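This note's numbering applies: residue 1447 is where the sequence shown begins, and numbers increase by one.
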Amino acid sequence: MKATWLCTVSITALALTASNGVAFSQSAELIAAAKTEGQLTTIALPHNWCGYGDVIAGFKAKYPEITINELNPDAGSADEIEAIKANKDNKGPQAPDVIDVGLSFGPTAKAEGLIAPYKVATWNSIPDSAKDADGFWYGDYYGVLSFVVNTDIVTEVPKDWADLLKPELANSVALAGDPRTSNQGIQAVYAAGLAAGATDAATAGAKGLEFFKELNAKGNFVPITAKAAPIAQGATPVAIAWDYNGLSWRDGFLDNPKAEVIVPASGVVAGVYVQAISAFAPHPNAAKLWMEYLYSDEGQLLWLKGYCHPIRFNDLAAKKAIPQDLLDKLPPAASYEKAVFPSLDEQAAFKDVITKQWDSVVGASIQ
């Protein structure tokens, strides 16, 4: 697995509070305050995404006094940001306490004053390159973009991006997110641009749009958001999605239909998602306790069970805290050898091109 930027960091002793007064640990006081609030409002957390069903169930079992109010499981990263903006003065059930968004959305949310700082007890084991130094956002997990293929319908499985243009895949290929609003969709267009030979982010965004323009013109692109059901039903027999989503969907099919998850031979893009607490969270202590759970060994291993590489993967591996059966279920390490981790500046560059020009270049409205 190529992830050299995820260096292992030893955990030092942590005080209960940081020097700036930001709470640091899963203290009895924090637990009591969260239980008093009695609710946590999440958004955009499908249960089959990254093992979130087990994560949510685990939190509920640990803190049964806290009800989890789940908003719009199928929302994209931009929708999560808009939900915070729309509910700044609303302390009701439509106001999210926490968000899980693509890496590029973290700095912009911070710049707009939409998120609040908080450092979890395991803060030092999160790589510096995957977190805001002041604790406004922090990486949670990552995966790579893959092709999820219903092999009951598609007999010649695509191995690389160019294969998606073949006439045998007419009315077959779909994205798992809208490139105008979804980090997953944006990254997929960027990946296609890299596979087409682009060497810088903005050019990759432009080349990716041209690829999807051609895919659409050939009649291969299906403007439906790919999820487990349309893949299984044959409406979108080839889906471009994060590997952890594809592997979870494949397992859920129980061989009906049969499916394969293929990491393409080129244009392999790794995507880091980040967590943050809304600056306007109605339940700020429950939000902090949620973060403590997610970044504990227990929470991180639940993400790994859901096929996501948790951000503390190297730390867990160094401590030999990862059960072998979880390691055995991951794709071969060789699948990740060419993975590219775009920087924040690179993401900003291709995101700007893709979100602004998708309509004019590709002209496909995804439903």
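All residues carry an ideal CB built from backbone N, CA and C; glycine is no exception. Fair warning: this is a prediction, and the values are worked out from it, not measured in the lab.
Start and end of the alpha helix (DSSP H) containing residue i?
i, result
"Gln1793", "Leu1790 to Val1807"
"Thr1649", "Ala1647 to Ala1663"
"Phe1551", "Phe1551 to Ala1557"
"Tyr1588", "Run containing Tyr1588: none in the alpha helix (DSSP H); it sits in the beta strand (DSSP E), Tyr1584 to Asn1596."
By how many angstroms is the C-alpha of residue j removed from the C-alpha of residue i?
i, j, result
"Pro1778", "Ile1708", "11 Å"
"Gly1552", "Ser1473", "26 Å"
"Gln1793", "Arg1758", "22 Å"
"Ala1503", "Trp1736", "12 Å"
"Tyr1739", "Ala1674", "28 Å"
"Ala1634", "Ala1687", "8 Å"
"Ala1469", "Ile1514", "With a pLDDT of 42 at Ala1469, under the threshold of 50, the modelled position of that residue is not reliable, and the figure given next carries that caveat. Cα-Cα distance, rounded: 22 Å."
"Gln1813", "Asp1805", "14 Å"
"Met1447", "Ala1763", "Confidence at Met1447 is low in this model, with a pLDDT of 25, below 50, so the placement of that residue should be treated as unreliable; the coordinate-derived value is given next. Computed Cα separation, rounded: 13 Å."
"Pro1710", "Asp1791", "24 Å"
"Arg1626", "Ala1642", "21 Å"
"Leu1747", "Ile1768", "7 Å"
"Tyr1636", "Glu1526", "22 Å"
"Gly1581", "Gly1745", "19 Å"
"Gly1467", "Trp1569", "Note that Gly1467 scores a pLDDT of 36, beneath 50, so its modelled location is shaky; the value from the coordinates is reported in the next line. Rounded to the nearest angstrom, the two C-alpha atoms are 15 Å apart."
"Ala1652", "Glu1783", "25 Å"
Which residue wins for smallest C-alpha separation from residue i, given the options the options?
i, options, result
"Ala1785", "Val1544, Thr1554, Ala1490 and Tyr1588", "Tyr1588"
"Val1597", "Asn1494, Ile1561 and Lys1704", "For the sequence presented, residue 1597 should be read as Thr rather than Val. Comparing Cα-Cα distances from Thr1597 to each of Asn1494, Ile1561 and Lys1704, the minimum goes to Lys1704."
"Asp1646", "Gly1713, Asp1689, His1755 and Ser1575", "Gly1713"
"Leu1560", "Gly1809, Lys1612 and Glu1528", "Glu1528"
"Ile1477", "Asp1761, Asp1743, Glu1511 and Phe1699", "Glu1511"
"Tyr1741", "Asp1586, Gly1538, Gly1717 and Leu1776", "Asp1586"
Using 8 Å for Cβ pairs, my map puts residue i next to residue j. What's the rounded Cβ distance?
i, j, result
"Ala1490", "Ala1521", "4 Å"
"Tyr1509", "Lys1734", "About 12 Å separates the two Cβ atoms, so there is no contact after all."
"Glu1516", "Ala1732", "So it is not a contact: roughly 14 Å between Cβ atoms."
"Thr1671", "Asp1624", "7 Å"
"Ile1530", "Phe1726", "7 Å"
"Ala1485", "His1729", "It should be noted that the sequence gives Gln, not Ala, for residue 1485. Gln1485 to His1729, Cβ: 5 Å. Contact."
"Trp1749", "Cys1496", "5 Å"
Indicate whether residue i and residue j have their beta-carbon atoms separated by less than 8 Å.
i, j, result
"Gly1665", "Gly1654", "no"
"Val1684", "Val1595", "yes"
"Phe1796", "Ala1567", "no"
"Val1544", "Gln1721", "yes"
"Leu1693", "Tyr1753", "yes"
"Tyr1719", "Val1547", "yes"
"Pro1542", "Thr1488", "yes"
"Ser1724", "Asn1629", "no"
Starting from residue i, follow the beta strand (DSSP E) in both directions and report where the run begins and ends.
i, result
"Glu1511", "It is not in any beta strand (DSSP E) - Glu1511 carries neither H nor E in the DSSP assignment."
"Gly1717", "Ala1716 to Ser1724"
"Asp1546", "Val1544 to Gly1548"
"Ala1732", "First-last for Ala1732: Pro1730 to Leu1740, but that is the alpha helix (DSSP H), not the beta strand (DSSP E)."
"Val1619", "Val1619 to Leu1621"
"Leu1640", "Segment Asn1629 to Ala1641 is the alpha helix (DSSP H) holding Leu1640; no beta strand (DSSP E) there."
"Tyr1753", "Note, Tyr1753: premise wrong, no beta strand (DSSP E); not H, not E."
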